[in-house]
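Here is the structure we will look at.
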Amino acid sequence: MKKYILPFCFLLFLTNCNDGKPTEKDKTSKTEKDSKAAPETKVILNSNDTMKFDKNMILVPAGKTITLTLNHTGKFGKRGMGHNFVLLKSDVDVNDFATRAASAMKTEYIPEGDEIIAYTKLLGGGDSDTIIFDAPKKGIYTFLCTFPGHWQLMKGKFIVK
Ligand code: CO
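In terms of numbering that gives the first Met the number 0, the sequence shown opens at residue 0 and continues consecutively.
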């Protein structure tokens with residue numbers, strides 16, 4: 000009896016090995032796929048009544064023209080739940096910028112200065128805006144909604160590679 004048990008165990012070990020391998024491989028290729036996600040030149044970003052963007056990372060290629068559409072898929076108006084997309088230059092202090100932006104009500108929360116690369120208009124529920132701009136040089140940038148109190152939830156990384 001014993002001599003049958005050993006080969007069986009060995010077989011089980013082999014089987015486990017083979018079962019394990021494809022899983023490992025799948026995992027690796029999925030990770031590779033994620034990190035090699037194709038950069039987009041047409042970007043669609045959605046925002047909603049719960050003060051959220053549907054992306055916290057946008058990946059675009061360097062040297063291309065980017066067409067970005069921001070949609071507000073909610074129902075609340077822009078005075079209560081306004082959203083915009085504001086892309087900042089890489090050396091901007093986001094906290095300081097957002098504080099100044101929040102008090103720039105007359106210009107729909109776009110403060111004076113040269114810290115912005117591109118921005119959409121302020122949207123209420125049901126609105127959309129599309130902007131076209133050249134991707135900045137390779138690097139990691141911050142985008143945010145500058146409506147008062149929103150940026151800590153509504154921000155993300157804009158990666159140019
Ligand atoms: Co907002």
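Using N, Cα and C, we set each Cβ at its ideal position, and we do this for glycine too.
Keep in mind it's a predicted model, so treat the numbers as computed, not measured.
Length of the line joining the Cα atoms of residue i and residue j
{"i": "Thr-64", "j": "Pro-135", "result": "9 angstroms"}
{"i": "Leu-121", "j": "Gly-155", "result": "17 angstroms"}
{"i": "Met-153", "j": "Ala-37", "result": "23 angstroms"}
{"i": "Ser-28", "j": "Gly-112", "result": "Reliability of the predicted coordinates at Ser-28 is poor, the pLDDT of 46 falling under 50, and the value obtained from them is presented with this limitation in mind. Roughly 44 angstroms between the two C-alpha positions."}
Residue i - containing beta strand (DSSP E), residue span
{"i": "Val-42", "result": "41-46"}
{"i": "Asn-70", "result": "64-71"}
Heavy atom of the ligand CO within 8 angstroms of residue i beta-carbon
{"i": "Ser-177", "result": "Look at the range of the chain in this structure, 0 to 160, and you will see that residue 177 is not part of it."}
{"i": "Met-50", "result": "yes"}
{"i": "Met-153", "result": "yes"}
{"i": "Phe-96", "result": "no"}
For residue i, three-class secondary structure by DSSP
{"i": "Met-104", "result": "helix"}
{"i": "Asp-95", "result": "helix"}
{"i": "Gly-79", "result": "helix"}
{"i": "Leu-87", "result": "strand"}
{"i": "Thr-145", "result": "coil"}
{"i": "Ala-134", "result": "coil"}
{"i": "Lys-51", "result": "coil"}
{"i": "Met-153", "result": "coil"}
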